[in-house]
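Colleague: Letter by letter, the sequence shown follows residues -23 to -1, 1 to 186 in mature numbering (1 follows the signal peptide of the UniProt record, and there is no 0).
Beta carbons are placed, not taken as given, at the ideal position from N, Cα and C, and that holds for glycine.
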Amino acid sequence: MKNFLFKLSLVVVLLLSIRTVSANVSLVVLGDSLSAGYGLSSQQTWVAELQRRWQQSHPDYAIINASISGETTTGGLRRLEGILERHKPDALFIELGGNDGLRGFNLSTVRANLEQIIDQARAEGVKVALSQVMVPPNYGQRFAQQFTGLYEDIAKEKNVPLIPFFMQPLIEESSDYVQNDGIHPTAEAQPKIADFLEPHLLELLQRAK
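Right, here's the structure in full:
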């Protein structure tokens, strides 16, 4: 009888473990160096910071960093199918376009790529949020406005949440949060970015449940 009860308890534990794993809701961050952690270790990024927090506060949520330094919208679109197949996420946060803007890529190409990323993810049942991205003002006011407006238009047309550009408040708050290149966030900035993005991404994951 004792042996039977022991085996039964093991079965219950295994079933509960399986249920916990299957209940996980996962989020993939598809970004560039701002999310990949240019000049930092992978454990210093804002994505890793959120992962550590959620292990305590939201253990049923998983966050996966599929960001690559130097990534463009074309590269993100090219990688998307493999990312969706490998991770099977419930939600996708798109943080791409900065490198396109810095290289002066055609805005119609940027738009088409972002729209295809959104459409492909949605076709797999993935909830999507888009990050606003901005280019430095020295690229000209007209181009900067067109670039900013591009994201607003896509979010409106595709009916996806547009999350404010997380670098903007950092730049305004202190130069200590930006590396010497004037573009990339420092290690000290990563918890700040996590603070800024966390409520937006939690809301996205709630919708993906």
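1. Give me the residue from Pro36, Leu182, Gln33 and Leu54 with the minimum Cα distance to Ala43.
2. Between the C-alpha atoms of Leu174 and Ser152, what's the straight-line distance to the nearest angstrom?
3. Can you list, in chain order, the residues of its chain whose CB lies under 8 Å from that of Leu84, leaving out five sequence neighbours each side?
4. Evaluate the contact criterion for the stretch 12 to 21 versus the stretch 31 to 48: three or more CB pairs, one atom per stretch, below 8 Å.
5. Leu69 and Val103 - do their beta-carbons sit closer together than 7 Å?
6. Could you tell me which uninterrupted beta strand (DSSP E) segments, each at least 3 residues in length, are contained entirely in the stretch 49 to 74, listed from first to last along the chain?
7. For Tyr38, which beta-bridge partners are listed by DSSP?
8. Measuring straight from C-alpha to C-alpha, what distance separates Leu(-10) and Arg29?
9. Please classify Pro162 as buried or exposed, where buried requires at least 16 other C-beta atoms within 10 Å of its C-beta.
10. Compute the Euclidean distance between the alpha carbons of Gln33 and Leu27, then round it to the nearest angstrom.
Modeller: According to the structure shown:
1. Nearest neighbour of Ala43 by Cα position, chosen from Pro36, Leu182, Gln33 and Leu54, turns out to be Leu54.
2. Computed Cα separation, rounded: 20 Å.
3. Closer than 8 Å at the Cβ level, and outside the excluded window around Leu84, lie Gln123, Phe124 and Leu127.
4. Verdict: yes, contact present.
5. When the beta-carbon positions are compared, Val103 and Leu69 come within less than 7 Å of each other.
6. Complete beta strand (DSSP E) runs here, min 3: 68 to 72.
7. In the DSSP assignment, the residues bridged to Tyr38 are Val2.
8. Reliability of the predicted coordinates at Leu(-10) is poor, the pLDDT of 42 falling under 50, and the value obtained from them is presented with this limitation in mind. Approximately 25 Å, taken between the alpha carbons.
9. Pro162 should be labelled buried.
10. Distance between the alpha carbons of Gln33 and Leu27 is about 10 Å.
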